[in-house]
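Student: Please read through the structure below; I'll follow up with questions.
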Amino acid sequence: MSKIKRLIQSYSKHISIPWREDAAAAQRVIFCVYNETEELRLRARVDEFELATRQAGHGWALFDLTDTFAVWLASQKYAHSYFRKPNLLFTLMPKYMDYIVDTFEHFLAETQSDENTVVAIQGVGALFGFLKVKEVVEELAPKVTGRLVIFFPGSYENNNYRLLDGYDGWNYLAVPITADKEI
3 MSKIKRLIQS YSKHISIPWR EDAAAAQRVI FCVYNETEEL RLRARVDEFE LATRQAGHGW
63 ALFDLTDTFA VWLASQKYAH SYFRKPNLLF TLMPKYMDYI VDTFEHFLAE TQSDENTVVA
123 IQGVGALFGF LKVKEVVEEL APKVTGRLVI FFPGSYENNN YRLLDGYDGW NYLAVPITAD
183 KEI
């Protein structure tokens, strides 16, 4: 059985467990962790996560971060200057975070997400080198009243998450779901 199929099975088991209504924002976050080489396979089967969610009696909304940086940068007045001097981009990263938050809030309103909805985020690998996933999750998690699922290309070990296995990870209070371990 493929790792993505095992990840879907683990997710399905977890999402079927009754939800606590008094859970804090950080406790409502679920990281579906998979090897970054499995990204295309996961994207091809993301509808199976939706199916498992709906079978458990919950709503589903999928937010994609993949193109947010390109869309945001293209909207900047001096975008061409940043291509000539990319070191100036890092002064704008707080504005990029604001763009993600605003786009996400609009998405939540548009999809009418509520306390029974799973809001899934894919494309977090596109943040690599720009923003830390931890900071983005900390901004977005309180806005989701149901559950926030992060499709996370990287690794999880000893409560430590590493995006794309590219740099030191961080410790985060989320529920980790992997293909290798049951919860």
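For what it's worth, our numbering labels the leading residue of the sequence shown as 3, then goes sequentially.
Virtual Cβ for every residue (Gly too), placed ideally from N, Cα, C.
Nothing here was measured: the structure is a model prediction, and the numbers come from that model.
Measuring straight from C-alpha to C-alpha, what distance separates Gln11 and His82?
Tutor: One C-alpha to the other measures close to 46 Å.
Student: From the DSSP output, in three-state form, read off Phe153 for me.
Tutor: Note: Phe153 maps to strand in three-state DSSP.
Student: Tyr80 by DSSP, collapsed to three states: which one?
Tutor: Residue state, collapsed to three classes: coil.
Student: Looking at the unbroken alpha helix (DSSP H) that takes in Asp100, where does it start and where does it end?
Tutor: Taken as a continuous stretch (DSSP letters only), the alpha helix (DSSP H) holding Asp100 covers Met95 to Thr113.
Student: Please state whether the Cβ-Cβ distance between Leu150 and Gly156 is less than 7 Å.
Tutor: No, they are not a contact pair.
Student: Give the straight-line distance between the Cα atoms of Phe153 and Val35, rounded to the nearest whole angstrom.
Tutor: Distance between the alpha carbons of Phe153 and Val35: 6 Å.
Student: Which value, in whole angstroms, describes the spacing of the CA atoms of Val177 and Gln29?
Tutor: Approximately 7 Å between the Cα atoms of the pair.
Student: Among all the DSSP beta bridges, which residues are the ones paired with Gly61?
Tutor: Paired residues: Thr119.
Student: Considering only their Cβ atoms, is the gap separating His16 from Ile179 smaller than 7 Å?
Tutor: Yes.
Student: Run through DSSP, which three-state label would Glu23 get?
Tutor: Of the three classes helix, strand and coil, the one that applies to Glu23 here is coil, per DSSP.
Student: Only counting runs of 4 or more residues, tell me where the alpha helix (DSSP H) segments fall wholly within the segment 3-55, in order along the chain.
Tutor: Within the segment 3-55, the complete alpha helix (DSSP H) runs of at least 4 residues are 5-17 and 41-46.
Student: Apply the 10 Å Cβ neighbour rule to Ile32 and answer buried if 16 or more other Cβ atoms are within range, or exposed otherwise.
Tutor: With 16 or more Cβ atoms within 10 Å of its Cβ, Ile32 is classed as buried.
Student: Quick one: is Ser115 buried, meaning 16 or more other Cβ sit within 10 Å of its Cβ, or exposed?
Tutor: Counting Cβ neighbours within 10 Å, Ser115 comes out buried, since at least 16 surround it.
Student: So does Asn118 have its beta carbon nearer than 6 Å to some heavy atom of the ligand ADP?
Tutor: Only the bare structure without any ligand can be found here, which leaves the ligand ADP out of the picture.
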